[in-house]
Amino acid sequence: AGWREKPLFAVGERTAALAREAGFDARSPGSDAGALAGAVQAVFPPGAALLHVAGLDRKAEPQASLARAGYRVVVWTAY
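According to our numbering, the sequence shown holds residues 13 to 91 in order.
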C-alpha cells in the first residue's frame with residue numbers, strides 16, 4: 013500500500029485524474045514533459061530512482077532531462 017502514497021507525475025490532467033481515482037497521489041504540472049521534469053525535481057533530490065511508465069512509442073523527454081539532472085530513470089514499457 014505504501015507505493016500508492018508516493019507522488020505520481022502525469023503529463024496531462026486527465027491521466028492524473030484517472031490515477032487519483034485508482035488511489036494514487038497523482039499530480040499534473042501540465043501537458044508538457046519539461047514542466048513534468050521540473051515538478052519532479054522540486055519534489056525529489058538528484059540521485060533519486062524514478063520509474064517512468066511509458067509506451068513503446070515515446071519521446072526522449074522527460075527521461076532525458078531527468079537523467080541529465082542526475083536522476084536514475086528506469087523505464088517500464090507498459091503499452
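Just so it is clear, CB atoms sit at the ideal spot from N, CA and C, and this is done for glycine as well.
How would you write the range of the alpha helix (DSSP H) that residue i sits in, first residue to last?
i	result
residue 26	25 to 33
Output the distance between the C-alpha atoms of residue i and residue j, rounded to the nearest integer angstrom.
i	j	result
residue 81	residue 57	10 angstroms
residue 70	residue 25	19 angstroms
residue 50	residue 89	22 angstroms
residue 85	residue 59	10 angstroms
Can you tell me where the beta strand (DSSP E) with residue i in it begins and where it stops?
i	result
residue 16	Segment: none, residue 16 is in no beta strand (DSSP E) and carries neither H nor E.
Does the separation of the CB atoms of residue i and residue j fall below 8 angstroms?
i	j	result
residue 47	residue 41	yes
residue 45	residue 31	no
residue 37	residue 20	yes
_Segments assigned alpha helix (DSSP H), at least 4 residues, entirely inside the stretch 36 to 78_ = 45 to 55
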